[in-house]
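One structure is given here, and the rest of the page talks about it.
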Amino acid sequence: MSLFISREEESKSGIREILDACQCRSPQGVRLRNQRKIYRPNERQTLQNELDAIAGLIPLVAKKDPQVTEAQSQLMRLRELQGTLSYLEKGKLLSDTNFFELKSAMLIFSKLNALEKLKEKAQIAFEDCTQAGEILEPSGSKSPGFHIYSDYSDLLKEIRAEKRELEREIAKAKAADRPNLMRQRSLLVSRENNEEDRIRQELGTALQAHLPMLKANARACAMLDFRLAKAELAIKWNACQPTLVADNQPADLKEAVHPIIAQKLESQGSQFSPQSIRLEPGSTVISGANMAGKSVALQTIFINLLITQMGYFPVCQVLSTPLFDFFTFDSSQSGELNKGLSSFGLESVKIRNHYRYSQGRRGLIIMDEPARGTNPAEARAIVQTLCEAYGLSASMFLIATHYQVHPAKGIRFYQIRGIRPEDLQQLPAWQAESVPAKAQKDGDYAKEDLERVRFIQNLMDYRLSEVSAHTDVPSGAIRVAELLGMDEELIRNMKTIWKKDQTINGKS
Numbered sequence: 003m004s005l006f007i008s009r010e011e012e013s014k015s016g017i018r019e020i021l022d023a024c025q026c027r028s029p030q031g032v033r034l035r036n037q038r039k040i041y042r043p044n045e046r047q048t049l050q051n052e053l054d055a056i057a058g059l060i061p062l063v064a065k066k067d068p069q070v071t072e073a074q075s076q077l078m079r080l081r082e083l084q085g086t087l088s089y090l091e092k093g094k095l096l097s098d099t100n101f102f103e104l105k106s107a108m109l110i111f112s113k114l115n116a117l118e119k120l121k122e123k124a125q126i127a128f129e130d131c132t133q134a135g136e137i138l139e140p141s142g143s144k145s146p147g148f149h150i151y152s153d154y155s156d157l158l159k160e161i162r163a164e165k166r167e168l169e170r171e172i173a174k175a176k177a178a179d180r181p182n183l184m185r186q187r188s189l190l191v192s193r194e195n196n197e198e199d200r201i202r203q204e205l206g207t208a209l210q211a212h213l214p215m216l217k218a219n220a221r222a223c224a225m226l227d228f229r230l231a232k233a234e235l236a237i238k239w240n241a242c243q244p245t246l247v248a249d250n251q252p253a254d255l256k257e258a259v260h261p262i263i264a265q266k267l268e269s270q271g272s273q274f275s276p277q278s279i280r281l282e283p284g285s286t287v288i289s290g291a292n293m294a295g296k297s298v299a300l301q302t303i304f305i306n307l308l309i310t311q312m313g314y315f316p317v318c319q320v321l322s323t324p325l326f327d328f329f330t331f332d333s334s335q336s337g338e339l340n341k342g343l344s345s346f347g348l349e350s351v352k353i354r355n356h357y358r359y360s361q362g363r364r365g366l367i368i369m370d371e372p373a374r375g376t377n378p379a380e381a382r383a384i385v386q387t388l389c390e391a392y393g394l395s396a397s398m399f400l401i402a403t404h405y406q407v408h409p410a411k412g413i414r415f416y417q418i419r420g421i422r423p424e425d426l427q428q429l430p431a432w433q434a435e436s437v438p439a440k441a442q443k444d445g446d447y448a449k450e451d452l453e454r455v456r457f458i459q460n461l462m463d464y465r466l467s468e469v470s471a472h473t474d475v476p477s478g479a480i481r482v483a484e485l486l487g488m489d490e491e492l493i494r495n496m497k498t499i500w501k502k503d504q505t506i507n508g509k510s
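Its first residue numbered 3, the sequence shown is counted upward by one per residue in my numbering.
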């Protein structure tokens, strides 16, 4: 399963933050989460089982069922076992620490195995480890500690008894007699260590027969931990169980939210506008004025469809989707230009590779403002060609652009609603008398400028609406510039040139 996304785009998309928000409690669960598995279309039933298990756990997690609390407590105690199991598999001599880890793990396995209701809902099974546990606890007690017990060997019992007696003699002996007694003790300690190593080897050999069980139970812990964490995350984000549909069906998202962006907006006193969209096989074009949130809409759609195929609940009111062979997300705003490379050259390589890879496959291909690094005439040709080419494919091509795309087979159109033109015109223009001293540097902004930008953003309606192919690409950038205090002479010239272009293009 392929995910094509640059590190920069991955960071901006919020994938890492979403995965980090899934709080596993055991090393096994964390490792399983970090594998970032994306289920393949031929693993549909496996993915469905994963989603059903999370749905089954949510009611128990929500009401803090005692079995959930007990499982989480036990999973927090579980140590990393990879190294120990690897040593065991290779027949290496295990240390007392290794045996302690295995013994502690088996006690945890047994306690988790007793949580029948939780296992049923989580669709998890544990194997019995009673026989393996007895190997490390010959007395039959269930103490969590471990050492090489005298019960393991008659010889060891004799050596230790002899050593204890000798140590009593040493305690009572005169100073002149102690060196000889200490030499005798050293010989006994050497014999004791040799016998202990023999027993350790014997214990390791005996445990090798139970290695499949140990591995299976460690995997079960990982799955249980990961599924509990996913259930907690679904509750936290009010996520929904997605519906997996047939390959030729559309992806339908209703009231989709980007959880990371939503959290940041809430911390700033703003609210996220949920997005609803229906993606058919072919091309879908999103247009909208500047500041209209096209990039956020793309990220929201991408994240929710991706995490669904990773076995998470999407942050939507409703989501149904087919399964994709691959995912791509590409933005022309990435930072390759800062590395001294042609941004459009690198973008062309990605466009070529993604198109070739899509042949015979069904992918989700998302592009944010492609070809913005070249001249408008050629950019329009590139965008139109991509939309027409993907319009005939089995993939879902979703593109945000401010260029007009002409209707063709397999192309559908959406727009960000934005600010109503009448509302925009009624706002009074604000003139900045001068640039404040603190805002002289590039990238530095006066407080009143930032407040004005926020005020305009708050008027935006960021929701998506499906429109006809003949709906004009929204305008309003000149009015926004005017509202932010751009010089009157520049504004007059902008409006003149705009009207002239509209006349030439037959839109006046």
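Think of the CB as a built atom: it goes at the ideal place given N, C-alpha and C, for glycine as much as any other residue.
(request) Tell me whether residue 444 sits in a helix, a strand or coil according to DSSP, three-state version. (result) Counted from its first residue, the sequence shown places residue 444 at position 442. Note on residue 444: pLDDT 47, under 50, position unreliable in the model; no value is reported.
(message) I'd like to check one pair, residue 314 with residue 7: are the Cβ atoms closer than 9 Å?
(response) Locating residue 7 in the sequence shown gives position 5, where the first residue counts as 1. Locating residue 314 in the sequence shown gives position 312, where the first residue counts as 1. Against a cut-off of 9 Å, the Cβ pair of residue 314 and residue 7 comes out as no contact.
(request) Within its chain, find whatever has a CB closer than 8 Å to the CB of residue 444; leave out the 5 residues flanking it on each side and keep chain order. (result) Your numbering for residue 444 matches position 442 in the sequence shown. For residue 444, the predicted model reports a pLDDT of 47, less than 50, meaning its position is unreliable; a value from the coordinates is still stated below. So the list is empty, once near-sequence residues are dropped.
(request) Given a cut-off of 9 Å, decide if residue 372 and residue 1 are closer than it, judged by their beta-carbon atoms. (result) Absent from the model: residue 1. The displayed extent of the chain is 3 to 510, so no value can be given.
(request) Please go through the same chain and pick out, in chain order, the residues whose beta-carbon is closer than 6 Å to the beta-carbon of residue 324, but skip the five residues on each side of it. (result) Indexing the sequence shown from 1 puts residue 324 at position 322. The beta carbon of residue 324 sits closer than 6 Å to those of 247, 249, 251, all from its chain and outside the five residues before and after it, given in chain order.
(message) Please give me, in chain order, every unbroken run of the beta strand (DSSP E) with length at least 3 that falls completely inside the segment 29-87.
(response) Fully enclosed beta strand (DSSP E) runs of no fewer than 3 residues are not present anywhere in the segment 29-87.
(message) Let me check understanding here. Comparing Cα to Cα, which of 468, 66, 90, 463 lies closest to residue 120?
(response) In the sequence shown, counting from the first residue as 1, residue 120 sits at position 118. Across the set 468, 66, 90, 463, the C-alpha of 66 shows the shortest separation from the C-alpha of residue 120.
(message) Give the list of continuous beta strand (DSSP E) stretches no shorter than 3 residues that lie fully inside the segment 264-316.
(response) Counting only runs of 3 or more, we get 277-281, 284-289.
(message) Could you tell me the alpha carbon to alpha carbon distance between residue 110 and residue 68, rounded to whole angstroms?
(response) Along the sequence shown, one-based indexing puts residue 110 at 108. Along the sequence shown, one-based indexing puts residue 68 at 66. The straight-line gap separating the alpha-carbon atoms of residue 110 and residue 68 is approximately 16 Å.
(message) What does the alpha-carbon distance come out to for the pair residue 449 and residue 122?
(response) Start at 1 with the first residue of the sequence shown, and residue 449 comes out as number 447. Start at 1 with the first residue of the sequence shown, and residue 122 comes out as number 120. Between the alpha carbons of residue 449 and residue 122 lies a gap of roughly 57 Å.
(request) From the DSSP output, in three-state form, read off residue 113 for me. (result) Here residue 113 is taken as the residue at index 111 of the sequence shown, counted from 1. Three-state DSSP puts residue 113 in a helix.
(message) For the segment 412-423 against the segment 462-481, do three or more pairs of beta-carbon atoms, one drawn from each stretch, fall closer than 8 Å, so that the two count as touching?
(response) Yes: the two stretches touch, three or more of their Cβ pairs being nearer than 8 Å.
(request) Could you work out which residue in 473, 237, 91 is closest to residue 405 when comparing CA atoms only? (result) Taking the sequence shown and counting its residues from 1, one reaches residue 405 at position 403. For residue 405, the closest C-alpha among the options 473, 237, 91 is that of 473.
(message) What would DSSP say about residue 376, mapped onto helix, strand or coil?
(response) As a position in the sequence shown, residue 376 is number 374, starting the count at 1. Here residue 376 sits in coil by DSSP.
(message) Please list the terminal residues of the continuous alpha helix (DSSP H) segment that includes residue 465.
(response) In the sequence shown, residue 465 corresponds to position 463, counting from 1. Premise fails: residue 465 lies in the beta strand (DSSP E), 463-469, not in any alpha helix (DSSP H).
(request) Kindly indicate the opening and closing residues of the beta strand (DSSP E) around residue 497. (result) On the sequence shown, position 495 is the one that residue 497 refers to. Not the beta strand (DSSP E): residue 497 falls in the alpha helix (DSSP H), residues 490-506.
(request) Return helix, strand or coil for residue 247, following the three-state DSSP convention. (result) Reading the sequence shown from its first residue, position 245 is the one you call residue 247. Three-state result, residue 247: coil.
(request) Tell me, please, whether the segment 22-31 touches the segment 226-241 by the rule of three or more beta-carbon pairs shorter than 8 Å. (result) The segment 22-31 vs the segment 226-241: in contact.
(request) Evaluate the contact criterion for the segment 122-131 versus the segment 212-223: three or more CB pairs, one atom per stretch, below 8 Å. (result) Yes, they touch.
(message) I'd like to confirm the pairing. Which residues does DSSP put opposite residue 320 in its beta bridges?
(response) Start at 1 with the first residue of the sequence shown, and residue 320 comes out as number 318. Under DSSP, residue 320 takes part in a beta bridge, and its partners are 256.
(request) Reducing DSSP to helix, strand and coil, say where residue 126 ends up. (result) The residue you call residue 126 lines up with position 124 of the sequence shown. Secondary structure at residue 126: coil, using DSSP grouped into helix, strand and coil.
(message) Below 8 Å, how does it come out for the segment 326-333 and the segment 363-382: are there three or more Cβ pairs, yes or no?
(response) Contact between the segment 326-333 and the segment 363-382 is present: three or more C-beta pairs spanning the two stretches fall below 8 Å.
(message) With the cut-off set at 9 Å, would you say residue 96 and residue 216 are in Cβ contact?
(response) Against the sequence shown, residue 96 aligns to sequence position 94. Against the sequence shown, residue 216 aligns to sequence position 214. At the C-beta level, residue 96 and residue 216 stay beyond 9 Å of one another.
(message) For the segment 305-313 against the segment 31-41, do three or more pairs of beta-carbon atoms, one drawn from each stretch, fall closer than 8 Å, so that the two count as touching?
(response) Output reads yes: the segment 31-41 touches the segment 305-313.
(message) Check this for me: beta carbons of residue 253 and residue 56, under 9 Å apart or not?
(response) The residue labelled residue 253 in the question sits at position 251 within the sequence shown. The residue labelled residue 56 in the question sits at position 54 within the sequence shown. No, these two residues do not count as a Cβ contact at 9 Å.
(message) With the cut-off set at 9 Å, would you say residue 281 and residue 255 are in Cβ contact?
(response) Within the sequence shown, residue 281 is the residue found at index 279, counting from 1. Within the sequence shown, residue 255 is the residue found at index 253, counting from 1. Yes, the pair counts as a contact, with Cβ atoms nearer than the cut-off.
(request) May I ask which residues mark the beginning and end of the alpha helix (DSSP H) holding residue 132? (result) Along the sequence shown, read from residue 1 onward, the residue named residue 132 stands at position 130. The continuous alpha helix (DSSP H) containing residue 132 extends over residues 132-137.
(request) Give every residue of the same chain whose Cβ lies closer than 6 Å to the Cβ of residue 302, excluding the five residues on either side of it in the sequence, and list them in chain order. (result) On the sequence shown, position 300 is the one that residue 302 refers to. The beta carbon of residue 302 sits closer than 6 Å to the beta carbons of 258, 260, 277 from its chain, once the five residues preceding and following it are set aside; these are given in chain order.
(request) Report all residues from its chain with a CB closer than 8 Å to the CB of residue 113; omit the five preceding and five following residues, and keep chain order. (result) Counting from 1 along the sequence shown, the entry for residue 113 is found at position 111. Only residues of its own chain outside the window of five on either side were considered, and among them 72, 76 have a CB closer than 8 Å to the CB of residue 113, listed in chain order.
(message) Could you tell me the alpha carbon to alpha carbon distance between residue 212 and residue 87, rounded to whole angstroms?
(response) Your numbering for residue 212 matches position 210 in the sequence shown. Your numbering for residue 87 matches position 85 in the sequence shown. Residue 212 and residue 87 have their alpha carbons spaced roughly 11 Å apart.
(request) Express the C-alpha separation of residue 471 and residue 365 in angstroms, rounding to a whole number. (result) Translated into positions along the sequence shown, residue 365 becomes position 363. Translated into positions along the sequence shown, residue 471 becomes position 469. The alpha-carbon atoms of residue 365 and residue 471 are separated by roughly 24 Å.
(request) Enumerate in chain order the residues of its own chain whose CB-to-CB distance from residue 108 is below 7 Å, with the five nearest sequence positions on each side excluded. (result) Position 106 of the sequence shown holds residue 108. Excluding positions up to five away in sequence, the list reads 131, 134, 135.
(message) Once the 5 residues before and after residue 385 are set aside, which same chain residues still bring their CB inside 8 Å of it?
(response) Sequence index remark: in the sequence shown, residue 385 carries index 383 (1-based). Taken in chain order, the residues that qualify are 372, 373, 401, 403, 405, 407.
(message) According to DSSP, simplified to helix, strand and coil, what is residue 333?
(response) Within the sequence shown, residue 333 is the residue found at index 331, counting from 1. In the structure shown, residue 333 sits in a strand (DSSP, three-state: E or B).
(request) With a threshold of 16 other CB atoms inside 10 Å of the CB of residue 192, please say whether the residue is buried or exposed. (result) Indexing the sequence shown from 1 puts residue 192 at position 190. It counts as exposed.
(message) Once DSSP output is grouped into helix, strand and coil, what is the label at residue 405?
(response) Counted from its first residue, the sequence shown places residue 405 at position 403. In the structure shown, residue 405 falls within a coil segment according to DSSP collapsed to helix, strand and coil.
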